[in-house]
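A.B. asks: Let me begin by handing over the structure; questions about it come next.
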Ligand code: NAD
Ligand code: UDP
């Protein structure tokens, strides 16, 4: 198949491309390199089945493809809040262009949506039936509401134009190739611990998140794309940790001497987040298999290599979820 991956030079997109290329597909990677890096797809450049296009999806493009994985959008609060209007344009105008492309060439279209559509949830864990609790005028809204409109667009193109859609609601995902300055919690803690500077815990660290290793997530995306159900489907790891637990685990695995520094909690920071993955289990026969300790070890090793910091990382066996 010929498959388009928007945002393919980014963190999740590049891991997805590795899988698709290994499976023998023809892949077009489309990216404006805002948070993506050519380095992430370097190993495929020159391969006859791989094409890299520098393009901003807020501009239309004509391509002929069978499937579209639509991932283009900065995912870290630091990056999506840097230019919030651009984030909305990417989510709304960009998604509109990609759905228009899917309609024209009759390609199947998968939207990388997010657990942020649930906002600061009043229901725990979050199932797909929950409509969410999102602030429409806050600093996270460009992303949260942007993705909610992207979901609406996908379902309207499906109802009105028969576009074959898939909607994945991705929960916090981590792994090798996250940017050093990504600003999300796992990369921040690992980079800080490796550099021997205090780990920045926002608030008291009692807020929770559930972290999915990137290979598990990619497996879920591929199953959703090639299955029979449009979704939305939650893809995430249901093991839930407080941010303080995560800080202590990284501290233990990388550098027990490093301090924790408590900083103010950002505005609209969700208090709890954990996916209900009953639907993914039932419809996709999918569930994550990489435990946090193992995923952290692999991510720490990757940062060690990229930052040129020698050492080995212990397994972190003692990590326990809430
Ligand atoms: P990322 O920032 O590493 O990747 C996003 C990619 O999109 C980058 O390569 C970036 O350069 C590209 N991009 C951004 N705006 C673009 C535009 N206008 N035109 C073309 N390319 C553009 O982020 P990621 O973590 O790999 O996330 C990928 C997708 O998954 C995003 O849509 C994100 O919203 C979604 N998601 C990620 C997570 C997570 O925890 N990583 C959670 C929920 C949803
Ligand atoms: N966080 C933190 N220290 C950091 C970065 C993030 O304590 O250096 C917290 C943040 O306030 C949030 C959680 O970790 O409660 C997850 O943040 P992230 O930006 O990774 O993802 P999101 O909030 O989008 O789930």
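Residue numbers (the numbering used here): 8 to 329.
Yeah, the Cβ is synthetic: ideal placement off N, Cα and C, and Gly gets one too.
#1: Determine the DSSP secondary structure at residue 218, reduced to helix, strand or coil.
#2: With a floor of 4 residues, list each alpha helix (DSSP H) that falls wholly inside the stretch 42-107, ordered by position along the chain.
#3: By Cβ distance below 8 Å, which residues in the same chain neighbour residue 130 in space, the five residues on each side in sequence not counted?
#4: Less than 6 Å separating the Cβ of residue 241 from some heavy atom of the ligand UDP?
#5: Identify every residue that forms a DSSP beta bridge with residue 124.
#6: Got a sec: does the ligand NAD put a non-hydrogen atom nearer than 6 Å to the Cβ of residue 196?
#7: In the DSSP assignment, what are the bridge partners of residue 33?
#8: Return yes when the Cβ of residue 295 is within less than 7 Å of the Cβ of residue 223, no when it is not.
#9: Secondary structure at residue 180, three-state DSSP: helix, strand or coil?
#10: Is residue 20 close to chain C, meaning its C-beta is less than 7 Å from at least one C-beta of that chain?
#11: Determine the burial state of residue 167: buried for a count of at least 16 other Cβ atoms within 10 Å of its Cβ, exposed for fewer.
#12: Which same chain residues, not among the five before or five after residue 63, have their C-beta less than 6 Å away from its C-beta?
#13: With a CB to CB cut of under 6 Å and the five nearest residues on each side skipped, what residues in its chain are close to residue 27?
#14: Please list, following the chain, all residues that have a C-beta closer than 7 Å to any non-hydrogen atom of the ligand UDP.
#15: Can the beta-carbon of residue 20 be found less than 7 Å from the beta-carbon of residue 103?
#16: Output the boundary residues of the beta strand (DSSP E) element that contains residue 248.
#17: In the stretch 119-169, which residue ranges form an unbroken beta strand (DSSP E) of at least 3 residues, counting only runs that do not cross its ends?
#18: Just the Cα atoms here: how many angstroms apart are residue 292 and residue 227?
#19: I need the straight-line Cα distance from residue 141 to residue 171, nearest angstrom please.
#20: Can you look up residue 38 in the DSSP assignment and give me helix, strand or coil?
#21: Given a cut-off of 7 Å, decide if residue 154 and residue 121 are closer than it, judged by their beta-carbon atoms.
#22: Please check the pair residue 41 and residue 110, which I expect to be a contact at CB under 8 Å, by giving their CB distance rounded to whole angstroms.
C.D. replies: Once the coordinates are examined:
#1: coil
#2: Runs found: 84-87, 91-96.
#3: 137
#4: no
#5: None, per the DSSP bridge assignment.
#6: no
#7: 9
#8: yes
#9: strand
#10: Structure shown: chain C not included; a single protein chain is present.
#11: By the neighbour-count definition (other C-beta atoms within 10 Å, threshold 16), residue 167 is an exposed residue.
#12: 39
#13: 10, 34
#14: 83, 84, 123, 179, 190, 191, 192, 193, 195, 196, 207, 208, 209, 210, 212, 214, 216, 250, 272, 273, 276, 277, 280
#15: no
#16: 247-249
#17: none
#18: 9 Å
#19: The straight-line gap separating the alpha-carbon atoms of residue 141 and residue 171 is approximately 27 Å.
#20: Here residue 38 sits in strand by DSSP.
#21: yes
#22: Contact annotation, residue 41 with residue 110: C-beta distance approximately 26 Å; criterion of less than 8 Å not satisfied.
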